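Single-structure report; data block below.
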Amino acid sequence: MEFIYTSLCEIAPYSHILFFFLLMLAGLNIPISEDIILLTGGAIASTCIPEHTLRLYLWLYFGSWISAWEVYWLGRLLGPKLYNVKFLARFVTPCRVDKLHYYYEKFGVFVFLVGRFIPGGVRNALFISCGMGKMPFLKFILRDGFACIFSSLTIFSLGYWFGKNYETLVKYSKTYNYIVIGLIVLLILTSLGYLWYKKREKDDKTTSQ
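For the sequence shown, position 45 matches number 45 in my numbering, and the numbering has no gaps at all.
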């Protein structure tokens, strides 16, 4: 744990640039988790550079928001050709795009508010479907920018809270591990005792016959 803390603090002065760059790569559908970046950013802000918390968050927010523009324009410029791209075919399917297109037309910004919290390709599929459906770019960035405030601030704050309380969490996690191990041992002993009892009961019935 100490090694992780030291490593994070070493990159802290440059973390805003590093994370922004990684988020731009994530917008190109390279498998980089936006959520992990936000969580890590929050943890670094609370433990290493609390005086620069706002600056780091703003870089992460704009990185998350602008990276969605990349996905939007991929969908808008390439359209149905994306269905034939192997590494996109897993989550960009005609069925999923049609469903998302229907949802954001019917429910508007609420789809972005929900979609921003769903990883695993759904988030990017939402952005791509907006591009493929030729949603006006201004409308897209306003809706997504609003939703991005909620998602990025929530995940960043969770990372911040975790970083601020990591010593307490580690202490309780050790206690929790002991409890789990104790319960597993108890379960094994109980199971063995039950099997032994059933075997003995069966042997007694055989003997009495």
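All C-beta atoms, glycine included, are put in the ideal place defined by N, C-alpha and C.
All values reported here derive from a predicted model rather than from experimental measurement.
Contact belief for residue i with residue j at Cβ below 8 angstroms, rounded distance in angstroms
i       : j      : result
Ile-155 : Leu-39 : 6 angstroms
Ile-128 : Gly-63 : With a Cβ gap of about 19 angstroms, Ile-128 and Gly-63 do not count as contacting.
Leu-28  : Glu-70 : 6 angstroms
7 angstroms Cβ shell around residue i - same chain, five flanking residues per side excluded
i       : result
Asp-144 : Trp-65, Ala-68 and Phe-112
Gly-159 : Leu-38, Leu-39, Thr-40, Gly-41, Gly-42 and Ala-43
Ser-157 : Gly-42
Arg-200 : none
Pro-94  : Tyr-83
Tyr-103 : Val-111
Cutoff 6 angstroms; reference residue i; Cβ partners in own chain excluding five residues on either side
i       : result
Cys-9   : Cys-48
Phe-140 : Tyr-72 and Cys-130
Gly-79  : Met-132
Ala-45  : Thr-53, Leu-56 and Tyr-160
His-101 : Ser-129 and Gly-133
CB contact flag (residue i, residue j, <8 angstroms)
i       : j       : result
Val-109 : Ala-147 : yes
Met-135 : Val-97  : no
Enclosing alpha helix (DSSP H) for residue i [first to last residue]
i       : result
Asn-124 : 122 to 132
Pro-94  : 94 to 107
Met-24  : 15 to 26
Tyr-57  : 53 to 78
Leu-38  : 34 to 47
Ala-147 : 137 to 164
Cβ neighbours of residue i in the same chain (closer than 8 angstroms, five flanking residues each side left out)
i       : result
Leu-60  : His-16, Phe-19, Phe-20, Leu-23, Ile-37, Leu-38, Gly-41, Ser-152 and Phe-156
Lys-164 : Ser-46 and Thr-47
Phe-150 : Leu-113 and Arg-116
Residue of the options minimising C-alpha distance to residue i
i      : options                               : result
Ala-26 : Asn-165, Asn-124 and Leu-142          : Asn-124
His-52 : Gly-63, Ala-12, Arg-76 and Asn-165    : Ala-12
Glu-34 : Tyr-104, Gly-163 and Pro-119          : Pro-119
Thr-99 : Gly-115, Ser-46 and Val-85            : Checking the sequence shown, residue 99 turns out to be Lys, not Thr. With distances taken between Cα atoms, Lys-99 lies closest to Gly-115.
Leu-77 : Lys-106, Asn-165, Gly-163 and Phe-137 : Phe-137
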